[in-house]
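All remarks here apply to the structure that follows.
There are 2 protein chains.
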Amino acid sequence: MDLITMTHGAGGSLTDDLIKKYVLKYLGGSDVEVPLEALDDAAVIRDIVLKSDSHAVKPIFFPGGDIGRLAIAGTVNDIAVMGAEPKALATGFILEEGLEISDLERILQSMMLTCKEAEVSVITGDTKVVEKGALGGCVINTSGIGFRCSALERNLEVVREYRSFTKRWLLDSNLRPGDKILISGSIGEHGVAIMASRYGYDLGGKVESDVAPLNKMIKSLLEVGGIVSMKDLTRGGLANALNEWSEKSGVNILVHEEDIPIRKDVKAACEMLGIDPLQVGNEGKIIIGVVPEMADEVLRELRRHRKGRDAQVIGEVTGKGRMVILDTLVGGRRILSRPVGDPIPRIC
Amino acid sequence: MDLITMTHGAGGSLTDDLIKKYVLKYLGGSDVEVPLEALDDAAVIRDIVLKSDSHAVKPIFFPGGDIGRLAIAGTVNDIAVMGAEPKALATGFILEEGLEISDLERILQSMMLTCKEAEVSVITGDTKVVEKGALGGCVINTSGIGFRCSALERNLEVVREYRSFTKRWLLDSNLRPGDKILISGSIGEHGVAIMASRYGYDLGGKVESDVAPLNKMIKSLLEVGGIVSMKDLTRGGLANALNEWSEKSGVNILVHEEDIPIRKDVKAACEMLGIDPLQVGNEGKIIIGVVPEMADEVLRELRRHRKGRDAQVIGEVTGKGRMVILDTLVGGRRILSRPVGDPIPRIC
Numbered sequence: 000m001d002l003i004t005m006t007h008g009a010g011g012s013l014t015d016d017l018i019k020k021y022v023l024k025y026l027g028g029s030d031v032e033v034p035l036e037a038l039d040d041a042a043v044i045r046d047i048v049l050k051s052d053s054h055a056v057k058p059i060f061f062p063g064g065d066i067g068r069l070a071i072a073g074t075v076n077d078i079a080v081m082g083a084e085p086k087a088l089a090t091g092f093i094l095e096e097g098l099e100i101s102d103l104e105r106i107l108q109s110m111m112l113t114c115k116e117a118e119v120s121v122i123t124g125d126t127k128v129v130e131k132g133a134l135g136g137c138v139i140n141t142s143g144i145g146f147r148c149s150a151l152e153r154n155l156e157v158v159r160e161y162r163s164f165t166k167r168w169l170l171d172s173n174l175r176p177g178d179k180i181l182i183s184g185s186i187g188e189h190g191v192a193i194m195a196s197r198y199g200y201d202l203g204g205k206v207e208s209d210v211a212p213l214n215k216m217i218k219s220l221l222e223v224g225g226i227v228s229m230k231d232l233t234r235g236g237l238a239n240a241l242n243e244w245s246e247k248s249g250v251n252i253l254v255h256e257e258d259i260p261i262r263k264d265v266k267a268a269c270e271m272l273g274i275d276p277l278q279v280g281n282e283g284k285i286i287i288g289v290v291p292e293m294a295d296e297v298l299r300e301l302r303r304h305r306k307g308r309d310a311q312v313i314g315e316v317t318g319k320g321r322m323v324i325l326d327t328l329v330g331g332r333r334i335l336s337r338p339v340g341d342p343i344p345r346i347c
Numbered sequence: 000m001d002l003i004t005m006t007h008g009a010g011g012s013l014t015d016d017l018i019k020k021y022v023l024k025y026l027g028g029s030d031v032e033v034p035l036e037a038l039d040d041a042a043v044i045r046d047i048v049l050k051s052d053s054h055a056v057k058p059i060f061f062p063g064g065d066i067g068r069l070a071i072a073g074t075v076n077d078i079a080v081m082g083a084e085p086k087a088l089a090t091g092f093i094l095e096e097g098l099e100i101s102d103l104e105r106i107l108q109s110m111m112l113t114c115k116e117a118e119v120s121v122i123t124g125d126t127k128v129v130e131k132g133a134l135g136g137c138v139i140n141t142s143g144i145g146f147r148c149s150a151l152e153r154n155l156e157v158v159r160e161y162r163s164f165t166k167r168w169l170l171d172s173n174l175r176p177g178d179k180i181l182i183s184g185s186i187g188e189h190g191v192a193i194m195a196s197r198y199g200y201d202l203g204g205k206v207e208s209d210v211a212p213l214n215k216m217i218k219s220l221l222e223v224g225g226i227v228s229m230k231d232l233t234r235g236g237l238a239n240a241l242n243e244w245s246e247k248s249g250v251n252i253l254v255h256e257e258d259i260p261i262r263k264d265v266k267a268a269c270e271m272l273g274i275d276p277l278q279v280g281n282e283g284k285i286i287i288g289v290v291p292e293m294a295d296e297v298l299r300e301l302r303r304h305r306k307g308r309d310a311q312v313i314g315e316v317t318g319k320g321r322m323v324i325l326d327t328l329v330g331g332r333r334i335l336s337r338p339v340g341d342p343i344p345r346i347c
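First to last, the protein sequences are chains A and B.
With numbering that gives the first Met the number 0 applied, the first sequence closes on residue 347, and no number is skipped along the way.
With numbering that gives the first Met the number 0 applied, the second sequence closes on residue 347, and no number is skipped along the way.
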């Protein structure tokens with residue numbers, strides 16, 4: 000008798016197996032432009048980008064954010080990285096009996112502020128209550144829709160100046176040999192902040208979650224142009240996201256460890272906890288695949304934004320294949336494989 | 000210190016208070032066509048109907064259905080009663096550690112079959128896992144989008160033949176004095192089936208849930224025309240739905256108890272359990288407000304469908320006001336007030 004385990008929800012290869020073996024078997028097969036089986040950040044039907052994300056972070060309040068900010072930013076970012084402009088959200092609250100209404104109010108206020116920051120609106124919702132159990136207060140599902148925007152059209156025009164390109168959205172399968180890989184900032188803050196706060200670790204410093212909506216920064220990158228694919232880093236961190244790209248695009252990716260931005264305190268915390276920062280999730284960082292001719296310009300635009308000021312070019316697509324290779328700090332290269340799951344459960 | 004209670008999630012006046020006092024305070028204020036503060040079955044932006052519903056039914060398998068069928072039908076029906084054609088869904092699974100994968104597979108299969116019945120597709124989704132607690136296996140959020148359809152246009156044309164009418168969707172606020180109130184079938188089956196199955200009551204017969212997608216039946220009703228408003232009966236049952244109509248349309252509604260279809264076994268079960276069948280939820284029934292000239296034709300069309308064969312005209316809008324009046328079986332009239340919450344928690 001096979002049972003669901005925490006790792007099935009940790010966003011790595013075990014989650015992927017569960018979805019491919021069971022969910023797609025029954026729910027795949029629609030004829031929309033970007034369907035479920037693309038397993039991309041969101042789906043597309045009639046030029047509308049649709050996304051649903053359930054947020055089960057524990058604890059619900061953590062340094063640098065809370066479940067409310069996460070619930071808005073997570074869905075906004077998934078829509079934005081497709082190249083769309085997120086517009087309207089729907090929220091489904093699962094509240095636990097005994098949750099303090101003042102805590103719910105703090106969460107709602109945080110959602111409101113994050114909506115303002117992202118210029119999106121919650122237009123519908125639903126509230127259910129369940130008996131006190133293991134949720135830790137509440138779970139919030141956020142769905143949302145986004146629309147094609149002129150910035151995406153402009154971006155695709157620039158891509159087509161440099162190579163033949165027929166894709167209409169920034170899909171995981173769009174990378175080609177030669178493309179440069181950029182990251183918008185330092186990795187691992189969100190996961191480490193959750194871990195420290197959940198278990199009360201003293202990490203000798205304050206690591207705050209980077210949770211943030213990135214849609215406005217993304218729009219300005221599209222206006223520069225030349226971007227072929229974008230992904231936000233969540234469960235399983237950079238290692239997971241790069242492997243998804245590699246697998247879906249059928250390419251080998253080389254990344255240089257020395258160029259991957261990581262804060263000293265995050266690095267120290269990961270060493271202390273015995274986890275690999277490359278597998279730890281963020282909630283306010285993206286990786287970007289850019290035609291090589293435009294990489295410097297996109298990087299410059301990224302660094303103009305507060306949320307992208309530590310951006311770096313971290314690697315490139317080296318050829319056809321299915322491997323992610325890490326050029327290590329200590330010297331030598333190794334395969335950067337897809338984690339079975341994020342080492343920290345329930346980070347989002 | 001105020002705490003969330005089970006009744007806050009039971010869909011009656013306490014849920015309404017929570018949403019008006021807290022959720023709307025922070026998340027209201029968007030400028031879309033049908034916004035959050037309409038508190039209607041779904042929202043509308045740029046002619047797209049958007050809906051999100053979390054399904055926390057307990058137990059996850061019950062006579063006549065399961066959480067998978069409920070999760071598809073619930074969202075499909077909420078979109079359809081606005082007058083739109085549901086097209087694409089997004090599912091967010093919250094799975095409990097220890098859930099048997101074979102049970103997940105049964106649920107997915109049921110979702111697939113219900114999608115086929117409703118002719119909708121799941122196009123994106125998300126899966127999270129939480130520690131074993133009080134969920135009873137899983138919670139499923141289903142969001143979805145629907146589009147304007149020619150049947151809605153045809154329906155509105157017929158309405159305008161009989162009265163001036165500028166609304167573009169079938170809103171809760173559309174009723175006017177003279178409108179007839181129809182119900183598509185008998186009440187209370189879903190709630191009673193859940194109650195019996197949860198507590199192992201022997202109700203001297205087998206009451207099955209009526210959970211079903213109604214969008215195809217609804218489309219054929221729109222083709223007949225003359226419908227001004229529609230609502231599906233869920234938490235809080237007929238009493239809740241009628242009071243929502245009355246409040247939002249600013250009208251008094253009179254319903255005749257003798258015309259409300261109710262199965263003998265459901266009635267007996269409610270008497271045994273000491274609950275009012277008018278407050279017990281369904282998941283496969285709608286109420287329909289129709290211009291009086293078209294009531295008979297809409298009724299005839301309803302009865303042509305298996306899911307509408309027990310349909311009845313149960314009342315009418317009597318004038319401006321905010322009351323629902325029940326013309327009782329025993330004689331005399333009484334106010335049918337809005338329940339504080341559905342007498343059966345976690346029915347959907």
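The C-beta atom is built at its ideal place from N, Cα and C for all residues, glycine as well.
Report task. Quick one: which residues of the stretch 132-158 of chain A get their C-beta closer than 7 Å to a C-beta of chain B? List them in chain order. Result -> G132, A133, L134, V138, N140, S142 and I144
Requested in this report: Return yes when the Cβ of I106 (chain B) is within less than 8 Å of the Cβ of G67 (chain B), no when it is not.
Outcome: yes
Query raised in the report: Any C-beta of chain C sitting closer than 8 Å to the C-beta of G124 (chain A)?
Result: The chain labelled as chain C is not found among the protein chains of the depicted structure, namely A and B.
Requested in this report: Indicate whether I346 (chain B) and V80 (chain B) have their beta-carbon atoms separated by less than 8 Å.
Outcome: no
**Report entry** Own chain residues within Cβ distance below 7 Å of A211 (chain A), not counting five before or after
**Finding:** A72, G283 and K306
Report task. Decide if the stretch 11-28 of chain A is in contact with the stretch 234-246 of chain A; the criterion is three or more beta carbon pairs, one per stretch, under 8 Å apart. Result -> yes
Query - Start and end residues, alpha helix (DSSP H) containing A72 (chain A) - result: I66 to A79
Query raised in the report: Touching or not, the stretch 136-154 of chain B and the stretch 252-269 of chain B, by the rule of three or more beta carbon pairs under 8 Å?
Result: no
**Report entry** Beta carbon of V378 (chain B) nearer than 8 Å to that of P342 (chain B)
**Finding:** The question about residue 378 (chain B) has no answer here: the residues shown for chain B are numbered 0 through 347.
Query raised in the report: Are the C-beta of M216 (chain A) and some C-beta of chain B separated by less than 8 Å?
Result: no
Query raised in the report: Which parts of the stretch 206-289 of chain B are runs of the beta strand (DSSP E), unbroken and 3 residues or longer, counting only runs that do not cross its ends?
Result: Every unbroken stretch of the beta strand (DSSP E) spanning 3 or more residues and falling wholly within the stretch 206-289 of chain B is given here in chain order: 226-231, 250-255 and 285-289.
Query raised in the report: Taking the C-alpha atoms as reference points, what is the distance between M322 (chain A) and R332 (chain A)?
Result: 12 Å
Requested in this report: For K127 (chain B), collect the residues of the same chain with a Cβ closer than 6 Å to its Cβ; drop the 5 residues on either side in sequence, then sort them by chain order.
Outcome: I93
Report task. Drop a sphere of 10 angstroms on the beta-carbon of V158 (chain A), count the other beta-carbons inside from all chains shown, and report buried for 16 or more, exposed for fewer. Result -> Counting other Cβ atoms within 10 Å of its Cβ, V158 (chain A) reaches 16 or more and is therefore classed as buried.
**Report entry** Buried versus exposed, by CB contacts within 10 Å (16 or more), P85 (chain B)
**Finding:** buried
Report task. Compute the minimum distance between the beta carbon of L301 (chain A) and the heavy atoms of the ligand NAD, and state whether it is under 7 Å. Result -> This structure simply doesn't include the ligand NAD, nor any ligand for that matter.
**Report entry** Identity of the residues DSSP links to S53 (chain B) by a beta bridge
**Finding:** Paired residues: B:N140.
Requested in this report: Check E32 (chain A) in the structure and name its three-state DSSP category.
Outcome: coil
**Report entry** chain A within 8 Å of Q348 (chain B), Cβ atoms only
**Finding:** This structure leaves residue 348 (chain B) out entirely; chain B is present only between 0 and 347.
Report task. Compare the C-beta of V223 (chain B) against all C-beta atoms of chain A and say whether one is closer than 8 Å. Result -> no
Report task. Determine which residues of the stretch 218-249 of chain B have a Cβ less than 8 Å from any Cβ of chain A, and write them out in chain order. Result -> none
Report task. Under 6 Å Cβ to Cβ from G190 (chain A), same chain only, skipping five residues before and after it: list those, please. Result -> So the list reads V279, G280, I343 and I346, once near-sequence residues are dropped.
Query raised in the report: Given L221 (chain B), which residues of its chain have a CB within under 7 Å of its CB, disregarding the five upstream and five downstream residues?
Result: G82, A150, L151, R153 and N154
**Report entry** Delimiting residues of the beta strand (DSSP E) encompassing S120 (chain B)
**Finding:** S120 to V129
Requested in this report: Pull out every residue of the stretch 80-92 of chain A whose Cβ sits closer than 9 Å to any Cβ of chain B, in chain order.
Outcome: The residues in question are K86, A87, L88, A89, T90, G91 and F92.
Query - Beta-carbon separation (whole angstroms), K50 (chain A) vs D77 (chain A), contact threshold 8 Å - result: 5 Å
Requested in this report: Identify the continuous beta strand (DSSP E) that holds I324 (chain B) and give its terminal residues.
Outcome: V323 to D326
Query raised in the report: With 16 as the cutoff for other CB atoms within 10 Å, does K319 (chain A) come out buried or exposed?
Result: It counts as exposed.
Query raised in the report: Cβ atoms of V223 (chain B) and V290 (chain B): under 8 Å apart, would you say?
Result: By the CB criterion at 8 Å, V290 (chain B) and V223 (chain B) fall outside the cutoff.
**Report entry** When A:S336, A:C148, A:G63 and A:V254 are compared against L328 (chain A), the one with the closest alpha-carbon
**Finding:** Nearest C-alpha to L328 (chain A) among A:S336, A:C148, A:G63 and A:V254: A:V254.
Query raised in the report: Do D52 (chain A) and L170 (chain A) come within 8 Å of each other at the CB atom, strictly closer than that value?
Result: no
Query raised in the report: Would K131 (chain A) pass as a contact of A133 (chain B) if the rule is Cβ separation under 8 Å?
Result: Closer than 8 Å, so yes.
**Report entry** Below-8 Å beta-carbon distance, L98 (chain A) vs any chain B residue
**Finding:** Yes, contact with chain B.
Report task. Inspect the beta-carbon positions of D65 (chain A) and G91 (chain A) and report whether they are closer than 8 Å. Result -> no
**Report entry** Within 7 Å of chain A by C-beta, residues of the stretch 0-24 of chain B in sequence order
**Finding:** M0, D1, L2, I3, T4, M5, H7, G8, T14, L17, I18, Y21 and V22
Report task. Name the two residues that bound the continuous beta strand (DSSP E) containing T317 (chain A). Result -> Q311 to K319
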